[in-house]
Structures are given as structure tokens and as C-alpha cells.
Amino acid sequence: MRRWLAATLIPLFCVSSAAANIASATGITVKDDYGDDIHLERPARRIVSLSPHTTELLYAAGAGPYVVGVSHYSNYPPQALQVASVGRISAVDIEKILTLKPDLIVAWHSGNAAAQLQKLRSFGLPVFESQPADYATIATSLERLAALSGTENIGNKAAADFRARWQGLTRTYRDRQVVSVFYQIWGQPLMTLNGQHMVSAVLRTCGGSNIFADLPQLAPHVSLEAVIAADPDAILAPDDAKDHPLDDWRRFGKMKAVSANTLFTVNADWLNRPGPRILDATAQVCEFLDQVRTKRSKTSPSLPQPAKPAK
Numbered sequence: 394m395r396r397w398l399a400a401t402l403i404p405l406f407c408v409s410s411a412a413a414n415i416a417s418a419t420g421i422t423v424k425d426d427y428g429d430d431i432h433l434e435r436p437a438r439r440i441v442s443l444s445p446h447t448t449e450l451l452y453a454a455g456a457g458p459y460v461v462g463v464s465h466y467s468n469y470p471p472q473a474l475q476v477a478s479v480g481r482i483s484a485v486d487i488e489k490i491l492t493l494k495p496d497l498i499v500a501w502h503s504g505n506a507a508a509q510l511q512k513l514r515s516f517g518l519p520v521f522e523s524q525p526a527d528y529a530t531i532a533t534s535l536e537r538l539a540a541l542s543g544t545e546n547i548g549n550k551a552a553a554d555f556r557a558r559w560q561g562l563t564r565t566y567r568d569r570q571v572v573s574v575f576y577q578i579w580g581q582p583l584m585t586l587n588g589q590h591m592v593s594a595v596l597r598t599c600g601g602s603n604i605f606a607d608l609p610q611l612a613p614h615v616s617l618e619a620v621i622a623a624d625p626d627a628i629l630a631p632d633d634a635k636d637h638p639l640d641d642w643r644r645f646g647k648m649k650a651v652s653a654n655t656l657f658t659v660n661a662d663w664l665n666r667p668g669p670r671i672l673d674a675t676a677q678v679c680e681f682l683d684q685v686r687t688k689r690s691k692t693s694p695s696l697p698q699p700a701k702p703a704k
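Each residue of the sequence shown is one higher than the one before, counting from 394 in our numbering.
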């Protein structure tokens, strides 16, 4: 459970504006996801990544050849498995990091310990804090990391391709009938994600509506009774929670998702990591929700559909 939670709890409070990248004779300056300026005298050539999603972003931005250290569970792309490990996300090995002589640290704001990031800064190391909570910020992150590593030709194209595919998915699914969804991140205790999480952005892109979007906590505990009362059209869960994370719901045969057999598991790494592969997760979720629409139209074509969620 700790690994999954460490890899998925992403707060809303991030800056998702276009990349503010400045390259000049005095060096390179970009803003990280919290608006802090990151300045390098020259493109980074020894980068340490402190989370799986930042590792994926760096490689997609063309900076892979310059990554010399990664956190545990940085398993994509496969080349990252050959890079030195610097420990767990929540407790990185600072001594190991220092021996790698990095010129840039790319960290995860809500996953890495703030005290450890401050310690790294105390050694004069620039720390870029990543915190994508929407599609636009993922694309912007690719541009910013490419600017810091001098790989703009790769990173900018990756960002453009990402935006184009995201916009295509949005055009395809945005006007389809809304499907109410319960997203289960854990079964014991029962936990979900609210509307501020990236997973809810995925649901919205696919024409889905998170039944617990309005809860104030990012990853709240919910009761079994609350889920049954909401009676969602579909129930989704990450596929790494356990072998059959949704089987416990089958005893509630009167629920719409159970009676229609619209219980789906989603590739956890695609969905939980805010990187380019989030689009693969989006396509997967959109296909699942289309299955719900097809079944719903066959069984109750005259029933009114839920109101479209506000954008």
C-alpha cells in the first residue's frame, strides 16, 4: 500500500502555465511547477531523478543519457533499470546522491521529503520540483526539462505530440454521455481520490464523473455505504493493488456496476505516474467507459443520463 500511495497522491497546487524558459549567455533559467526559478550555467549533464514519474519525464524529454541516478521503482523506460539507485522516494540516500556529483536534481514535491530536498539545496544543488496535476503541466514539464538538459529538439516535439494526442482524445470523448465512476485506490480501508487529482482529469477527458469529486481530501477514506448509495455506473481500480481488487464488490449484485459487470482494472503505472504514458491510461479508461455506454444503451435506452460535470 505504501508504494502505491507514494506513487499516486498528487495535490492540486501546481503551476500549469506555459513553460517560462530563458536561455542566454548567462545560462539557462526555467520555472519549476511551483514557480521557483531554476538556474544552470550550462545544460545539465549529471541528473538525479527522485521519483518514477520524473524519470519518465526526463527520458521523454531527451535527457535520458544524462541521468546518473534514479529512485526505487524507476522501471520505465527499460534503460532506467541500468542506472544507479538512490533509494526510496520518501527517504533517498543523500550520501549516494552526492557521490554521483549531480548538476541537477529533479524531485517530486509531494513524494520526496521536504527536509531532504532542502538538505540537497544546502549543498548548492539546483532542485527542480515536479508536481503535474493536469495534462497541460505534463507537456510543460517536458519543455522545461528539455531546456535544462539542452535537448529542446526532442523535448519540445514530445510536448507537441503529447498535446496533440490529448486534444484528440478530448475531441473524441468530451460530448459522450456521462458515466459515473468510483475509483478505488485501496480496498481495506476503502479509499478513493477527489476531483483535484489527475485521475479525475482522466475521467473528465473520457466523459466520466468521479462520484467523490467534491470531497475535500485528496485521497479520502469512504464508507461502503456511501459507494452503494452513489451506485456508480462503473468501478475502476489500479491493477497493482492486488490480483483481483474488485472481486469484493460482486456480492452487491443490485449495484449498476456489478449487475452490468463494469468493474475494470487500469494499468497502475500508466495512470499513477503523471508522465507521457498517462495518455495510454486515458485511452484505456475511455474504452472502458464506452463499454459502459454500450451496455447501458442496450438495457435502459430511455433512462435519463447524469448531468455533464462542470469543466
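Backbone N, C-alpha and C define an ideal beta-carbon position, used for all residues, glycine too. For clarity, every value in this text was computed on a predicted model and none was experimentally measured.
Helix, strand or coil at residue i [DSSP, three-state]
i, result
"residue 468", "coil"
"residue 503", "coil"
"residue 482", "coil"
"residue 427", "coil"
"residue 631", "strand"
"residue 432", "strand"
"residue 462", "strand"
"residue 621", "helix"
"residue 651", "helix"
"residue 508", "helix"
8 angstroms contact criterion, which residue i and residue j should meet: CB distance rounded
i, j, result
"residue 600", "residue 566", "5 angstroms"
"residue 641", "residue 580", "6 angstroms"
"residue 457", "residue 442", "Wrong, their Cβ atoms sit about 10 angstroms apart, outside the cutoff."
"residue 713", "residue 436", "Because the chain here runs from 394 to 704, residue 713 falls outside it and cannot be looked at."
"residue 519", "residue 487", "That pair is no contact at about 15 angstroms."
"residue 523", "residue 450", "7 angstroms"
"residue 608", "residue 583", "The Cβ separation is near 13 angstroms, so there is no contact."
Pairwise C-alpha distance: residue j and residue i
i, j, result
"residue 605", "residue 586", "7 angstroms"
"residue 512", "residue 482", "15 angstroms"
"residue 509", "residue 495", "15 angstroms"
"residue 534", "residue 478", "23 angstroms"
"residue 422", "residue 633", "38 angstroms"
"residue 645", "residue 625", "12 angstroms"
"residue 680", "residue 426", "31 angstroms"
"residue 430", "residue 575", "38 angstroms"
"residue 550", "residue 557", "10 angstroms"
Pair within 8 angstroms by beta-carbon distance, residue i and residue j
i, j, result
"residue 473", "residue 459", "no"
"residue 639", "residue 621", "no"
"residue 658", "residue 630", "yes"
"residue 672", "residue 555", "yes"
"residue 668", "residue 531", "yes"
"residue 480", "residue 467", "no"
"residue 662", "residue 528", "no"
Endpoints, alpha helix (DSSP H) assigned at residue i
i, result
"residue 614", "Residue 614 -> no alpha helix (DSSP H), and no H or E assigned at all."
"residue 678", "671-692"
"residue 444", "Premise fails: residue 444 is in no alpha helix (DSSP H) and is neither H nor E."
Residue interval of the beta strand (DSSP E) (run including residue i)
i, result
"residue 530", "Taken as a continuous stretch (DSSP letters only), residue 530 belongs to no beta strand (DSSP E), being part of the alpha helix (DSSP H) at 528-542."
"residue 576", "572-576"
"residue 659", "656-659"
"residue 601", "601-603"
"residue 521", "520-523"
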